[in-house]
Amino acid sequence: MIFEWQQKQWQQVRQQVQERRLPHALLLTGQAGLGKREFAMQLARSLLCKHPQANGEACGVCEACLLLQVVHTADETNNKATAVTHVGTHPDCLWLEPEEADKAIKVDDIRELCASLSLTSQFGGYRVAIINMADSMNINASNSLLKTLEEPGANSLLLLVSSRPHRLPVTVRSRCQRIAFHVPDEQAAIAWLSQQKVNNSALVLSLAHGSPLLAQQLAQADALQPRQQLVEALLGVAQNQSLVSHAEALAKQPVFELLGWLHDWLVDVLRLQSSQKAEVMNKDYAAELQQLAQQLPVQRVYGLLDEVLSLRRMQTVSLNAQLLWEDLLISWQLLIKKA
Ligand SMILES: [Zn+2]
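Numbering (our numbering), first residue to last: 243 to 581.
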């Protein structure tokens, strides 16, 4: 299924397919939670399907569709020598993503993918390769992709999916046609979320920066628990609770996710400092944020935000998580004390 907010992009690609001018490489960009990965899969299905429907979507029942049916999950790549897998059991559809979140895509996997993509299609149609989280390619991996981007095989399509395309080398980006996905308007997103029976949709949508699929995920039980832990630490430390025990609790949570929540928290404080009527992402803590905004020195909030941004720019955090959170909470505590 193509999501409502992807219709324009779908029509654009459909037209290119019909006019036989689909490029050999597409780069699907847009923030996380907009369904780029699903879109790539739908496009692959549509190109490989023997009897696509009028709107271009795959029929779901032909031989090709049945072979593509096994939905790929990250777990399937575990315990395998290679990260390159087939989608379902279809020989002409390949899938590659980092073996673990925050890990790089390696050059050997790209070589294998490119070699496989250059083979003749077993079904006499397209050969499609999807690289999910393509910005996780290390520099050697990106370089080895260039040859395929420059001299693609006939009827091959490479789909790169990335929510951080600025991390891709310009040599890779410039050889792909970009399809950008955007956040739907708030009313449409909330309507979609209520169709999915999501409660508290305004809050989760705001925490998801407007991405409906991410909002849906955040609405699931315990999905917001790491954020809750962080907020409790920030408010607790502001009230002189033990910094070390909060750091210990935070060290057990996923680092990059927490840094994301901390980033948004600080941005909310800064928004309220520039205007008391500003909309915040953390709607459920609007009153607490309002108070912090009045209390904290703006320049120092920026300073802490910079610290968080540079941590987030790292591919992986090799630091001891406990120490990392003690440092960040000390910075936060200093902010409060200087107020
Ligand atoms: Zn089909």
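Cβ atoms here follow ideal geometry from the backbone N, Cα and C, with glycine treated the same way.
{"Asked": "Helix, strand or coil at Q518 [DSSP, three-state]", "Found": "coil"}
{"Asked": "Cβ-heavy atom distance, G366 to ligand 1, below 7 Å", "Found": "no"}
{"Asked": "Endpoints, alpha helix (DSSP H) assigned at T413", "Found": "412-415"}
{"Asked": "Integer Cβ distance of A371 from V403, believed to fall under 8 Å", "Found": "About 11 Å; that fails the 8 Å criterion."}
{"Asked": "A465 in three-state terms, based on DSSP", "Found": "coil"}
{"Asked": "Under the three-state DSSP convention, the category T584 falls into", "Found": "A query on residue 584 cannot be resolved here, the shown segment of the chain reaching from 243 to 581 and no further."}
{"Asked": "Whether H505 touches V550 by CB criterion (8 Å)", "Found": "yes"}
{"Asked": "Proximity below 8 Å, CB of R420 to CB of T271", "Found": "yes"}
{"Asked": "Status (buried if at least 16 other CB within 10 Å, exposed otherwise) for N374", "Found": "buried"}
{"Asked": "For S288 and G302, the rounded distance between their alpha carbons", "Found": "9 Å"}
{"Asked": "Exposed unless 16 or more other CB atoms sit within 10 angstroms - verdict on V486", "Found": "exposed"}
{"Asked": "Residue environment, L308, which counts as buried when at least 16 other CB atoms sit within 10 Å", "Found": "exposed"}
{"Asked": "Segments of 3+ residues assigned as beta strand (DSSP E) that fall wholly inside the stretch 252-305", "Found": "267-271"}
{"Asked": "When G366, S384, N380, T331 are compared against C356, the one with the closest alpha-carbon", "Found": "S384"}
{"Asked": "Rounded straight-line distance, which links the Cα of A450 to that of A422", "Found": "18 Å"}
{"Asked": "Backbone CA spacing between P468 and A491 [nearest angstrom]", "Found": "10 Å"}
{"Asked": "Minimum C-alpha distance to S398 - residue among N380, L285, S363", "Found": "S363"}
{"Asked": "Local Cβ density within 10 Å of D334, reported as buried at 16 or more and exposed below that", "Found": "buried"}
{"Asked": "Whether L599 touches A431 by CB criterion (8 Å)", "Found": "Past the edges of the chain, shown from 243 to 581, lies residue 599, and the structure says nothing about it."}
{"Asked": "Bridge partners - M379, DSSP secondary structure assignment", "Found": "I347"}
{"Asked": "Distance CB(T413)-CB(L388) smaller than 8 Å", "Found": "yes"}
{"Asked": "Residue span of the alpha helix (DSSP H) that contains V446, given as start and end", "Found": "443-449"}
{"Asked": "Neighbourhood of E318 by C-beta, 7 Å cutoff - its chain only, sequence neighbours within 5 removed", "Found": "With a pLDDT of 46 at E318, under the threshold of 50, the predicted position of this residue should be treated as unreliable, and no value is reported."}
{"Asked": "Cβ neighbours of R542 in the same chain (closer than 8 Å, five flanking residues each side left out)", "Found": "L576, L577, K580"}
{"Asked": "Residue environment, L401, which counts as buried when at least 16 other CB atoms sit within 10 Å", "Found": "buried"}
{"Asked": "Exposed unless 16 or more other CB atoms sit within 10 angstroms - verdict on E342", "Found": "exposed"}
{"Asked": "Local conformation of A316 per DSSP, three classes", "Found": "At A316, the pLDDT of 45 sits below 50, so the modelled position is not reliable; the number obtained from the coordinates is stated separately. Note: A316 maps to helix in three-state DSSP."}
{"Asked": "Cα-Cα separation, R256 to R555", "Found": "36 Å"}
{"Asked": "Any non-hydrogen atom of ligand 1 closer than 7 Å to V303 Cβ", "Found": "yes"}
{"Asked": "A306 CB to nearest heavy atom of ligand 1 below 7 Å", "Found": "yes"}
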